[in-house]
Amino acid sequence: MEKIVNIDSISGFNAANNHKTLHPLVTVIDYSKANPREWGDVDSIKFNYGLYSIILKDVVCGDLRYGRHYYDYQAGTLVFYAPGQFISMENPKVSYQPMGFGLLFHPDFLIGTPLGKTIQNYKFFNYQTHEALHLSDDERTMILDIFSKIEFELKQPVDKHSKKLIAANIELFLDYCQRFYDRQFITRDVAHKGILEKFEALLNEYFLSEKPQTLGLPSVAYFADELHLSANYFGDLFKKETGQSAKEYIQDKVIEEAKNKVFGNDKTVNEIAYELGFKYPQHFTRLFKQRVGYTPNEYRNLN
Numbered sequence: 001m002e003k004i005v006n007i008d009s010i011s012g013f014n015a016a017n018n019h020k021t022l023h024p025l026v027t028v029i030d031y032s033k034a035n036p037r038e039w040g041d042v043d044s045i046k047f048n049y050g051l052y053s054i055i056l057k058d059v060v061c062g063d064l065r066y067g068r069h070y071y072d073y074q075a076g077t078l079v080f081y082a083p084g085q086f087i088s089m090e091n092p093k094v095s096y097q098p099m100g101f102g103l104l105f106h107p108d109f110l111i112g113t114p115l116g117k118t119i120q121n122y123k124f125f126n127y128q129t130h131e132a133l134h135l136s137d138d139e140r141t142m143i144l145d146i147f148s149k150i151e152f153e154l155k156q157p158v159d160k161h162s163k164k165l166i167a168a169n170i171e172l173f174l175d176y177c178q179r180f181y182d183r184q185f186i187t188r189d190v191a192h193k194g195i196l197e198k199f200e201a202l203l204n205e206y207f208l209s210e211k212p213q214t215l216g217l218p219s220v221a222y223f224a225d226e227l228h229l230s231a232n233y234f235g236d237l238f239k240k241e242t243g244q245s246a247k248e249y250i251q252d253k254v255i256e257e258a259k260n261k262v263f264g265n266d267k268t269v270n271e272i273a274y275e276l277g278f279k280y281p282q283h284f285t286r287l288f289k290q291r292v293g294y295t296p297n298e299y300r301n302l303n
């Protein structure tokens, strides 16, 4: 049996965790104040998020799954959820005391703030699996310090500075999380190099198969899924490791394959375009001209 929990109201979430609502659109949660979780006889729980939620949990409460994949999750990690996402918890313990901290804010809070214009830049809200943020002790201290500053501001009487200060601290928190993720990309360098090697092998394999004709041009999302990563996390990882976007790298591979086909056989440009996965030959010709400086036929004659 599956239980469904909707997380779309700050006041409702506070009430469920024994917290007073200090602001209708923002809250900082200390989970140790919540009652022990009693899920009853359920096989899984589905959490539907209508809020931005960042949770630092200090107790493993079940297997967290987003889509088809499991979080790289353990006690002492940060996980990020955005409105419109849902998370499944499988094998929930019958009873456990939640521990840790959370920052939740309604998307309406961002209206009219600088953060409202940049929130989409924090791609870790769309990371999926093997991608939670693992904090060092110093990073954890920094995170909790910002949580304390936000909570302090929430307890003050509302004035013309309140929203600006709360939003600024949330943005500061997210900027630090971005820095910590950059650090994580570096400290997990060995594992990431293995991922890049697998990506290169998958990309080569793609063009040796009939996938271009059946699936079309290779995409970042396809390879991310094959590597059990979200497209955003894989894209950020690849950019950090190589300085080039994964999309640009794939296009380079497409052009390399195109040059070999144009130069190495007598097939028409249209036939080559379809073999590579282009839906429309004119798109192939346009990309080839942009990247090589010649049309496919000009390149063939030149060589």
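Anchor point for the sequence shown: position 285 equals 285 in full-length UniProt numbering, and the numbering is continuous, going up by one each time.
Here a beta-carbon is modelled for each residue, glycine too, at the ideal position from N, C-alpha and C.
Taken through DSSP and simplified to helix, strand or coil, Met142 comes out as helix. Closest option to Asp252, judged by alpha-carbon separation, among Glu200, Glu2, Phe80: Glu200. Exclusion of the five residues before and after Tyr206 leaves Pro218 as the residues of its chain whose Cβ lies within less than 6 Å of its Cβ. Your pair Leu22 and Leu56 does not check out as a contact, with CB atoms roughly 19 Å apart and the cut at 8 Å. Lys163: not part of any beta strand (DSSP E); member of the alpha helix (DSSP H) spanning 162-187, first to last residue. Taking the C-beta atoms as reference points, Tyr31 is found no nearer than 8 Å to Met89.
Assigned with DSSP and collapsed to three states, Asn297 falls in helix.
Collapsing the DSSP output to three states places Phe278 in coil.
Collapsing the DSSP output to three states places Gly12 in a helix. Look at Glu210 here: in three-state DSSP terms it is coil, with no helix or strand label. Here Asp30 is bridged, per DSSP, to Phe101.
Across the set Tyr122, Phe109, Ile195, Tyr181, the C-alpha of Phe109 shows the shortest separation from the C-alpha of Ile166. Under the three-state reduction of DSSP output, Val79 falls in the strand class.
For Ile119, the CB contacts under 7 Å within the same chain, skipping 5 residues up- and downstream, are Leu110 in chain order. In the assembly as shown, His283 is an exposed residue. Its beta-carbon has fewer than 16 other beta-carbons within 10 Å. Apart from sequence neighbours up to five positions away, the residues of its chain that approach Ile4 with a beta-carbon distance below 6 Å are Lys46, ordered along the chain. Taking every protein chain shown into account, the CB of Pro24 has fewer than 16 other CB atoms within 10 angstroms, so this residue is exposed. Annotated three-state conformation of Asn270 is helix, per DSSP. Between the beta-carbon of Val26 and that of Ile10 there is about 7 Å, and that keeps the pair under the 8 Å contact cut. In the displayed model, Lys253 falls within a helix according to three-state DSSP. By the beta-carbon neighbour count (other beta carbons within 10 angstroms, threshold 16), Ile186 is exposed. Counting only residues of its own chain and dropping the five nearest sequence neighbours on each side, Leu154 has a CB closer than 6 Å to the CB of Leu22, His23. When beta bridges are read from the DSSP output, Ile4 appears opposite Lys46.
Check the Cα spacing between Lys259 and each of Tyr222, Arg37, Ile170, Arg300: the tightest is with Arg300.
Apart from the 5 residues on each side of it in sequence, Asn169 sits with its Cβ closer than 8 Å to the Cβ of Ile146, Lys149, Ile150, Glu153 in its chain, given in chain order. The three-state secondary structure of Ile54, taken from DSSP, is strand.
Short of 7 Å from the beta carbon of Ala246, and not among the five residues preceding or following it, lie these beta carbons of its own chain, in chain order: Val220, Phe234, Gly235, Phe238.
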